Amino acid sequence: MNFSEQWIALTTIFTKEVRRFTRIWIQTLLPPVITMSLYFVIFGALIGSRIGEMDGFDYMSFVVPGLIMMSVITNSYSNVVSSFYSAKFQNSIEELLVSPTPNYIILLGFVLGGVARGLLIGLIVSLVSFFFIDLHVHNLAVTIAIVFLTSVLFSLAGLINAVFANSFDDISIVPTFVLTPLTYLGGVFYSISLLSEFWQSVSQLNPILYMVNAFRYGFLGISDIDISFAFTGVVLFIVILFIYAMYLLNNGKRLRS
1 MNFSEQWIAL
11 TTIFTKEVRR
21 FTRIWIQTLL
31 PPVITMSLYF
41 VIFGALIGSR
51 IGEMDGFDYM
61 SFVVPGLIMM
71 SVITNSYSNV
81 VSSFYSAKFQ
91 NSIEELLVSP
101 TPNYIILLGF
111 VLGGVARGLL
121 IGLIVSLVSF
131 FFIDLHVHNL
141 AVTIAIVFLT
151 SVLFSLAGLI
161 NAVFANSFDD
171 ISIVPTFVLT
181 PLTYLGGVFY
191 SISLLSEFWQ
201 SVSQLNPILY
211 MVNAFRYGFL
221 GISDIDISFA
231 FTGVVLFIVI
241 LFIYAMYLLN
251 NGKRLRS
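In structure tokens form, the structure reads like this:
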């Protein structure tokens, strides 16, 4: 395929992915907004007023960047894992694999679909947060870069999960037993400076901690970790997962009947 044909294939897959989640927006876009609004009410009006400040900011301002990042991670991952596994379950992914479309175009199409949903949810949740706090951006470049890279990373992770899944139940195992605990223990609701030295060291093994803190730095200018280290780690993970996802598509062992 020449460049023009590859571009058409990429935009076709991407458009299909976007239309997939926008067509059922009541199931894909509305629930995260309602969930995050409840977090804002509970942690802002009820709990936040009792906690007071965290690292020099009121508690609601402190947790909002983490809540936005949490919604981006969850939706980027769930969009790709559900879409790709559905294509695998219906055997339609085989038609793509035997077509002239390069595997990296297939991978990019699904990943960009997950990124689109993650960023859209992140934008909507950010707009909702304006009803609860006066949100300012400390560093726009850092904010955009880390949320985009994080969305790419978890879209790739969702595709890998979909390749290994043997049933629809399998696609919920990683989000339930891995993603959710890591997110809640990733500094979304607290600063790791509150922890003992031992638990701070343990927390630093959690990759989501670096993404949340880098995103918080973009908004508030504060972070528990080194920002450059966070970006390096995210990019490294993206490269590793991209190579592994390409290997799985090229191998096709779990994708072809």
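Using our numbering, the first residue of the sequence shown is number 1, and each one after it goes up by one. Don't be surprised by glycine CBs; every beta carbon is placed ideally from N, CA and C. For clarity, every value in this text was computed on a predicted model and none was experimentally measured.
As the crow flies, the alpha-carbon of Arg216 is around 23 Å from that of Leu156. Using a Cβ distance threshold of 9 Å, Ile68 and Gly122 count as a contacting pair.
Counting along the chain, Ala165 sits inside no alpha helix (DSSP H), nor does DSSP assign it H or E at all.
Residue pairing for Met54: DSSP places it in a beta bridge opposite Phe57. Positions of the alpha helix (DSSP H) runs, each at least 4 residues long and wholly inside the stretch 42 to 123, are given as 59 to 89 and 92 to 98 in order along the chain.
Beyond the five residues adjoining it in sequence on each side, Asn213 comes within less than 7 Å, by CB distance, of Gly187, Ser223, Asp224, Ile225 and Ala230 in the same chain, given in chain order. Cβ contact annotation for Tyr244 (same chain, cutoff 7 Å, sequence separation greater than five): Ile160, in chain order. Secondary structure note for Val235: its alpha helix (DSSP H) is the uninterrupted segment Ile227 to Asn251. Distance from the CA atom of Leu10 to the CA atom of Pro102, rounded to whole angstroms, is 10 Å. Membership of Met211 in the alpha helix (DSSP H) is indicated by the continuous run Pro207 to Leu220. Per the coordinates, the alpha-carbon of Gln200 lies some 50 Å from the alpha-carbon of Ser4. Around the beta carbon of Asn75, a 10 Å sphere encloses 16 or more other beta carbons of the protein chains shown; the residue is thus reported as buried. Take Asn250, set aside five residues on each side of it, and the residues of its chain with a beta-carbon closer than 8 Å to its own are Asn103, in chain order. By the beta-carbon neighbour count (other beta carbons within 10 angstroms, threshold 16), Ile93 is buried. Pairing Glu197 with Ser191, the inter-Cα distance amounts to about 13 Å.
Of the candidates Leu120, Phe219 and Ile8, the residue whose Cα lies closest to the Cα of Ile73 is Leu120. Pro31 and Val128 have their C-alpha atoms spaced approximately 13 Å apart.
Secondary structure of Met1 (DSSP, three-state): coil. Shown here for Thr22: same chain residues with a beta carbon closer than 8 Å to its own, the five before and five after excluded, namely Thr28 and Leu29 in chain order. A Cβ-Cβ distance of about 5 Å is found for the pair Val163 and Leu248, placing them in contact under the 8 Å criterion.
The beta carbon of Leu182 lies closer than 7 Å to those of Asn206 and Ile208 in the same chain, with the five residues before and after it left out. The C-beta distance from Ile171 to Tyr85 rounds to 5 Å, short enough to fall under 8 Å. The three-state reading of DSSP puts Gly186 in coil, since its state is none of H, G, I, E or B. At a Cβ-Cβ threshold of 9 Å, Tyr39 and Ile51 do not count as neighbours. Beyond the five residues adjoining it in sequence on each side, Phe148 comes within less than 8 Å, by CB distance, of Val115 and Leu119 in the same chain, given in chain order.
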